[in-house]
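One structure is given here, and the rest of the page talks about it.
In structure tokens form, the structure reads like this:
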């Protein structure tokens, strides 16, 4: 796999150069999330109904003359992301769309404009919904090859899905995992130590978690396994997972949940070609937690760690809206997988 990557991904033959105006990982992360303009693309919403009474939205993007067997790229956003607000998805989606391929963006339950209908939410290891969505996409376009691309927690979900599959049952031709936290415990520790991010993380957490959770309080405020008032008082991801995620999904403790979710323990279980892209200054995915040695021994996983790049950012050039390194690598990687380039 490494030889195939070397032969077919010219983006990885070049040195990634950090923009002079955005030299630090935390700054890149903030710019990527707050200042990049989200391009307007003609997505079509489809609501997926599940047997348990829940639902979520997937968004389709493809040209009118798109062929039935055109390749499909399935995007999974980060922890509170959805189609309309994730520039890090919309820019590569725009490039995939221009190639006359199909784009599908997966929005977890309760996000992206589809109301959470019951107590079944999402976390970084539960992949039942992803598996069903992949099967439905494959059934609709049986002759199309599908490549998954997960960002941050979306990358963890995609990784945990693949770790339960065989090469045949995975359905995907391969995957790209961008800025995934490989060890949730290291992630939460890092976020609570990083000086710059303590304030940013606090306010982002309040906005995206607490406000979002309070919207669905009717499902959780009388939950027998949690104190919902403690959930609303959480000020870090670890506190939120302690008071909400772990009890909601039946874990004995937050450490039990983190241990189960950790991708770094499952490198050997990945059954299809998977490229992991991380930056060495990403406080959500500390360098020491990336399982580089296990990746070197794997026949299915290739790890790329750049010097700089932040979390899901990897900005290039003078403008934050320029094509990022992610766009370039994803297009080349997907092309290699879809056309079986050696």
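In full-length UniProt numbering, the protein residues as written are 1 to 342.
Glycine residues also receive a C-beta, built at the ideal position from the N, C-alpha and C atoms.
No experiment lies behind these values; they were computed from the predicted model shown.
- Could you check the C-alpha separation between residue 301 and residue 342 for me, to the nearest Å? Looking up residue 301 in the chain shown gives position 301. Looking up residue 342 in the chain shown gives position 342. Each residue's alpha carbon lies about 16 Å from the other.
**Prompt:** Grouping DSSP H, G and I as helix and E and B as strand, with all else coil, what is residue 116?
**Reply:** The residue labelled residue 116 in the question sits at position 116 within the chain shown. Residue state, collapsed to three classes: coil.
Query raised in the report: What are the residues that DSSP puts in a beta bridge with residue 84?
Result: Locating residue 84 in the chain shown gives position 84, where the first residue counts as 1. Partner(s): none; residue 84 has no beta bridge.
query = Three-state secondary structure (DSSP) at residue 213?
reply = Here residue 213 refers to the residue found at position 213 when the chain shown is read from its first residue. Helix.
query = Going by beta carbon distance, what residues of the same chain come within less than 7 Å of residue 1, once the five residues before and after it are set aside?
reply = Position 1 of the chain shown, counted from the first residue, corresponds to residue 1. Within the same chain, residue 1 has close Cβ partners 273, 299, 300 and 302.
Touch test, the stretch 42 to 60 against the stretch 101 to 116, Cβ-Cβ under 8 Å, three pairs minimum: Three or more Cβ pairs closer than 8 Å define a contact, and the stretch 42 to 60 meets that threshold against the stretch 101 to 116.
task = Throw me the rounded Cβ distance for the residue 305 and residue 287 pair, which I believe falls under 8 Å.
result = Indexing the chain shown from 1 puts residue 305 at position 305. Indexing the chain shown from 1 puts residue 287 at position 287. Contact flag correct, Cβ pair sits at about 7 Å.
Just list the alpha helix (DSSP H) runs in the stretch 225 to 306, keeping only unbroken ones of 4 residues or longer that don't cross its boundaries, in chain order. 228 to 232, 237 to 240, 254 to 261 and 292 to 297
Q | Cβ separation of residue 244 and residue 226, assumed to be a contact under 8 Å, to the nearest whole Å | A | Working through the chain shown from its first residue, we reach residue 244 at position 244. Working through the chain shown from its first residue, we reach residue 226 at position 226. About 6 Å separates the two Cβ atoms, so the contact holds.
With 16 other CB atoms within 10 Å as the buried threshold, where does residue 23 fall?
Mapped onto the chain shown, residue 23 falls at position 23. So residue 23 ends up on the exposed side.
List the endpoints of the continuous alpha helix (DSSP H) containing residue 30.
Indexing the chain shown from 1 puts residue 30 at position 30. Counting along the chain, the alpha helix (DSSP H) containing residue 30 begins and ends at 25 to 34.
Checklist entry - Are at least three pairs of beta-carbons, each pair with one atom in the stretch 147 to 167 and one in the stretch 176 to 193, less than 8 Å apart? => result The stretch 147 to 167 is in contact with the stretch 176 to 193.
(request) With DSSP as the reference, label residue 154 as helix, strand or coil. (result) Indexing the chain shown from 1 puts residue 154 at position 154. In the structure shown, residue 154 sits in a helix (DSSP, three-state: H, G or I).
query = What are the boundary residues of the alpha helix (DSSP H) that residue 337 is part of?
reply = Counted from its first residue, the chain shown places residue 337 at position 337. Boundaries of the alpha helix (DSSP H) around residue 337: 325 to 338.
Between which two residues does the beta strand (DSSP E) holding residue 75 run? Along the chain shown, read from residue 1 onward, the residue named residue 75 stands at position 75. Where residue 75 is concerned, the enclosing beta strand (DSSP E) starts and stops at 72 to 76.
Between which two residues does the beta strand (DSSP E) carrying residue 168 extend?
Stepping through the chain shown from its first residue, residue 168 is reached at position 168. Run containing residue 168: none; DSSP gives neither H nor E here.
Next on the checklist: For residue 107, report the span of its beta strand (DSSP E) as first-last.
Outcome noted: Position 107 of the chain shown holds residue 107. First-last of the beta strand (DSSP E) with residue 107: 102 to 107.
Notebook entry, point to check: Could you give the distance in angstroms between the alpha-carbon of residue 317 and the alpha-carbon of residue 217?
Noted result: Walking along the chain shown from the start, residue 317 turns up at place 317. Walking along the chain shown from the start, residue 217 turns up at place 217. Approximately 44 Å between the Cα atoms of the pair.
So, residue 270 versus residue 12, is the Cβ gap smaller than 8 Å? Residue mapping note: residue 270 aligns to position 270 of the chain shown, counting from 1. Residue mapping note: residue 12 aligns to position 12 of the chain shown, counting from 1. Their beta carbons are not under 8 Å apart, which means residue 270 does not touch residue 12 by this criterion.
What does DSSP give as the partner residues of residue 59 in its beta bridges?
-> Working through the chain shown from its first residue, we reach residue 59 at position 59. Per DSSP, the beta-bridge partners of residue 59 are 45 and 105.
Burial state of residue 327 (16 or more Cβ within 10 Å): In the chain shown, the residue the question calls residue 327 occupies position 327. Flag for residue 327 reads buried.
- Query: Rounded to whole angstroms, how far is the Cβ of residue 72 from the Cβ of residue 102, which I believe are closer than 8 Å?
  - Reply: Sequence index remark: in the chain shown, residue 72 carries index 72 (1-based). Sequence index remark: in the chain shown, residue 102 carries index 102 (1-based). Rounded, the Cβ-Cβ distance is 4 Å, consistent with contact.
(request) Would you mind stating whether residue 90 and residue 38 have Cβ atoms separated by less than 8 Å? (result) Locating residue 90 in the chain shown gives position 90, counting from the first residue. Locating residue 38 in the chain shown gives position 38, counting from the first residue. Contact: yes.
Here's the rule: buried if 16 or more other CB atoms are within 10 angstroms of the residue's CB, otherwise exposed. What is residue 147? Position 147 of the chain shown, counting from 1, holds the residue named residue 147. With 16 or more other Cβ atoms within 10 Å, it is buried.
Q.
Measuring alpha carbon to alpha carbon, tell me which residue in 30, 278 and 113 is nearest residue 48.
A. Mapped onto the chain shown, residue 48 falls at position 48. When 30, 278 and 113 are compared, the shortest CA-CA separation from residue 48 is found for 113.
Checklist entry - Looking only at C-alpha atoms, which of 334, 41, 53 and 331 sits nearest to residue 63? => result Working through the chain shown from its first residue, we reach residue 63 at position 63. Comparing Cα positions, the closest option is 41.
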